[in-house]
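Notes for the one structure printed next.
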Amino acid sequence: MDITELLQCFACTLDHNAAVRTNAETHLKNASKVPGFLGACLDIIAADEVPENIKLSASLYFKNKITYGWSAGARQGSNELLDSHVDPDEKPVVKDMLIKTMVSVSKTSPRCIRVLKSALTVIISEDYPSKKWGNLLPNSLELLANEDITVTYVGLLCLAEIFRTYRWKNNDERQDLEELILNYFPALLNYGANVLFQDGKYMNNEQIGELVKLIIKIYKFVSYHDLPFTLQRSESFTPWACFFVSIIQQPLPQEVLAISDIEVRSKNPWVKCKKWALANLYRLFQRYASTSLTRKFQYDEFKQMYCEEFLTQFLQVVFDQIEKWGTGQLWLSDECLYYILNFVEQCVVQKTTWKLVGPHYNVILQHVIFPLLKPTAETLEAFDNDPQEYINRNMDFWDVGYSPDLAALALLTTCVTKRGKTTLQTTLEFMVSTLQSAVGDYNNIMLDNALQIESCLRIFSSIIDRLITKDSPFASEMEKFILTYVLPFFKSQYGFLQSRVCDICSKLGSMDFKDPIITSTIYEGVMNCLNNSSNSLPVELTAALALQTFISDDQFNMKLSEHVVPTMQKLLSLSNDFESDVISGVMQDFVEQFAEQLQPFGVELMNTLVQQFLKLAIDLHETSNLDPDSFTNVDSIPDESDKQMAALGILSTTISILLSFENSPEILKNLEQSFYPAAEFILKNDIEDFYRECCEFVENSTFLLRDITPISWKILELIGECNRKPDSMVSYYLSDFMLALNNILIYGRNELKKNEFYTKIIFEIYQKAVTAEDNSLDDLRVVFDLSQELVLALDDSLPQQYRERLLADVVGSILTQKNELKTNVVFSVTAFNVVISNMITEPLITLQYLKQQGCLEIFFQTWITDYIPNYKRCYDIKLSVLALLKIILKLESNDYSVLNLENLVPQLGSIVTQLASRLPTALRQLANQRKEFSSSGFEEDTKWDENFLDVGDDDENDDEGDLTEKYLELIKNRADSLDFVDGYDAKETFDDLEEDPLTGSILDTVDVYKVFKESIANLQHVDSNRYQGILRHLTPADQELFMGIMNA
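For the sequence shown, full-length UniProt numbering assigns the number 1 to the initial residue and increments by one for each residue that follows.
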């Protein structure tokens, strides 16, 4: 390998000229296939004279080759340069050179170290557990003994990656870890505490901080998922815990506190040491020293030791940290505050530790929770300049990273939910007192006071569900509170207070206001916030959510009905500005509520929504094509989850618009036309996340029209093109595509019989799905659903080669599962239905095939004895009645003899009669299901539950014991029983065969009684002897059922 030439290639990959870069990448691709390439990369990285940017380029290329090529099962990258595996003969050399290279560059090229560490993680995770890197541990320990801390750092990196391999294993799976802990953890702790930390002596040295951080993370790796038995002992736990506490308590040096950029300060290694020390102690408490639902990690002796010998003293440390932080004596990073608050929250949940926290609740509320919920300068800046960030962080939509304010809210809600008798009254009194002192003149509130008001209202917003619940002792006070302290801020000069009022209103839907002025005030306030052009996005968004809450309120609805179109236009504008599914949900409800008023604008609405969807979908598609390995770290990869949720929401809204035009077929066709570009983009670009919504649209449009329009046929063609691609995922998402395919087979069956082009598309989808690797029984169930629908739709127009393939596949599966046909009911009945469907069209050919494959006897034995007597679904009953009638009518006496079914003939009349007689009951049940689905929701009847609110309050309920612990014990005892295993009942029943009341079937329009009567009459005419034979073998009860059907 020519190092000079390779060095030039890496230099050229950084050239501004695209042609030069492309040429260099081609040379690298060829060079990477030559043995020795990875070693040459490491030589370049280690060379002192090579510029830093070229070293980094080589490091990234090396890392990517290792990531994609080291493991035989490694995923292939979208970058073709990476699609090759590392030569096994080169691996030992690479491993040896990698450690040496990292030592070499640790002083001069820290960015390269960070990149190479990713490669190190891959190699160790693959080779260390499989014992392919035997000298890694001794080599790492040897580096650890070096006096040069840059060398020691590499040794600790290796050790950390070694112990990372044990992170997700249970103790039973990692017994060798116990020996490693016994042999090396005492020395590791001594090195960290007495050599590196030395009671904070070197806290101004970031390199030493990195070393200490690695030691703390090593402890995290081995204790995160399960707690090694060695570390459960007091003689091991206590010194480690003391080490963590000493780091937590040690003040940061002035040099760190002087860093003005808080984000930079938080990344200081010593700040991270504090974070991980807190995280470890919290994890030990939360997972191993608390009462929980599972017995899996229940270590009673460790739990007792932690709670009795450590927790009380550590809680004092926590309170001391909180107190100093609250008075400004101590700076804590967001991450540290997050873990401190999580720790306190865990203490609230546990009965024994609540005694320690409860007396301090008022102080925690006033001096921790309240100040954390006040907007900071950064928050106010985000409100004005980055509204999306403000919304995500301050309107409680989701947790974002280590957010102390959200941790404070979590602590607050846990307190009022679990310990409400002690905390809720106190919280309410504090809010009222603070609001009274902060408000003064509503029209002239100073900013400091406004921030206090925002904090109080955010507290109220978070606990409102406990205050307004039906029969809550505070419910009667809430109307006055809302009128006095909430609604006036609709007119506040501060946008963040307007936004908070709207947020609170969005949570008042369950309240039945006695004073009509409240609803009127909410309507005026919400509409003003939504439509005032001077308002910011957070105000408009929360106003839209409040509108959604009250949209079905009669008084609110009546006023809103006069402004439907401009309000919808405003919502569309908001949807375009804010990438989230939140507004899509509002629009969906709005369309459903005001469908009639919006009908004249339906097509225009659809066009606008499709354009908004395409804008998002194009961005998502472009991002998905980025090579993740072109980013130096995972944080650099764009997070497009907001766009994705917004796009999904828009698609759901398009379906709502479609459904509102149920009685307007021409408009429905226009809406299909408008939606087509969205479907085309989804299917042509294989955007799997939207397959279901696309097919739902087709399902609904075809159902409403009871027809397959040219647009729907074009979408089927797109599905076919998508399916033919080598890497197609249509088979994987077949259950989603069935939404569309089912209706195409129902309403397009006449066209399918005439047009083999479309039939071939559906058969190809089936063919690819049935041969997919690793098909589970549930996967095959969906495939066989498609198979039987194809048979029923095409009837006698089904090409013979298709029928042969469909029968071969299903009979093969039945024979494979022949011993589980009574237990795997859902799969087996579905598979049998494919055969039964073929009997309806070609009974003799189907039965002959069963006999040829040695499946006839087991099929009839299972069908007649086990399945038919237990059928409950209309579909199963109809299908089998039709098949039995065809067998009775179409087979000759000689056919029965050849098939060895003579003994079945006398039973057929009784079987088909009894089965047909059960159809009315099944139809009534299905009709009731459909009625339930179409009924208007449910009545909310949530009541105040004092026991739930205050489980285990020792000061008030000690005699009754802790209800939480009793409940947890009950759950654990049930989990230990054999009632269920991982939530799955191994033996299915016919109740598991669900009949979707909203999904149609080809048999829906078949009048089975009419077919029954016509078939029997025909039999009587063409073969009176067989007809008489059937009647002769009917019991008196069966004769009565038979005559009832014939006379129906």
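Just so it is clear, CB atoms sit at the ideal spot from N, CA and C, and this is done for glycine as well.
Keep in mind it's a predicted model, so treat the numbers as computed, not measured.
Check, Outcome
"LYS132 in three-state terms, based on DSSP", "coil"
"Reduced DSSP secondary structure (H/G/I, E/B, other) of LYS470", "strand"
"Within the region 840-925, ranges of the alpha helix (DSSP H) (whole runs, at least 4 residues)", "843-852, 856-862, 874-890, 893-898, 905-917"
"C-beta atoms of ILE845 and ALA883 nearer than 8 Å", "no"
"Nearest-angstrom beta carbon gap, TYR184 and PHE221 [assumed within contact, 8 Å]", "No, PHE221 and TYR184 are not in contact; Cβ-Cβ is about 13 Å, not under 8 Å."
"Length-filtered (4 minimum) alpha helix (DSSP H) runs lying within the region 765-812", "777-794"
"Counted within 10 angstroms of its Cβ, other Cβ atoms place MET729 as buried (16 or more) or exposed", "exposed"
"Beta-carbon proximity check, PHE244 vs LEU281, cutoff 8 Å", "yes"
"Reduced DSSP secondary structure (H/G/I, E/B, other) of THR312", "helix"
"Extent of the continuous alpha helix (DSSP H) to which LEU406 belongs", "404-418"
"Contacts around LEU143, its chain only, beta-carbon distance under 6 Å, and the 5 residues preceding and following it disregarded", "VAL151, VAL154, GLY155"
"Residue interval of the alpha helix (DSSP H) (run including CYS307)", "First-last for CYS307: undefined, no H or E at that position."
"Coil, strand or helix - ASN625 by DSSP", "coil"
"Nonlocal neighbours in the same chain, by C-beta distance under 7 Å from TYR402, ignoring five residues either side", "ASP334, GLU335, TYR338"
"Cβ-Cβ distance between THR549 and GLY509 below 8 Å", "yes"
"As assigned by DSSP and simplified to three states, the class of LYS818", "helix"
"Euclidean distance between Cα positions of ILE124 and LYS131", "10 Å"
"From GLN498, ILE667, SER735, residue whose alpha carbon lies closest to that of ILE765", "SER735"
"Continuous alpha helix (DSSP H) assignments of at least 4 residues falling wholly in the UniProt domain \"Importin N-terminal\" (24-104)", "37-46, 52-69"
"Rounded separation between ALA277 and LEU341 - CA only", "14 Å"
"Buried versus exposed, by CB contacts within 10 Å (16 or more), ALA24", "buried"
"The region 897-905 / the region 851-869 touching (three or more Cβ pairs under 8 Å)", "yes"
"Option in PHE10, TYR1009, LEU571 with minimal Cα separation from VAL591", "LEU571"
"Beta-carbon separation (whole angstroms), ILE149 vs GLN207, contact threshold 8 Å", "5 Å"
"Local conformation of HIS367 per DSSP, three classes", "helix"
"Proximity of LYS514 and GLU479 at Cβ, strictly below 8 Å", "yes"
"Straight-line Cα distance separating ARG706 from LEU1034", "41 Å"
"DSSP-derived helix/strand/coil call for PRO558", "Sequence inspection shows Met at residue 558; the Pro mentioned does not correspond to that position. MET558: helix per DSSP, three-state reduction."
"Exposed unless 16 or more other CB atoms sit within 10 angstroms - verdict on GLN452", "buried"
"Member of GLN425, ASP448, PHE490, SER476 whose CA lies at the smallest distance from the CA of ILE463", "GLN425"
"Residues near ARG117 by beta carbon distance below 7 Å, same chain, minus five either side", "Reading off the sequence shown, one finds Lys at residue 117, where the question assumed Arg. The answer, listed in chain order, is LEU157."
"Exposure label - TRP168; buried when at least 16 CB within 10 Å", "exposed"
"Presumed contact (8 Å Cβ cut-off) between LEU373 and ARG458, rounded CB distance", "5 Å"
"N- and C-terminal bounds of the alpha helix (DSSP H) containing MET645", "641-659"
"Span of the alpha helix (DSSP H) around THR230", "229-232"
"Span separating the alpha-carbon of SER701 from that of ASN528", "37 Å"
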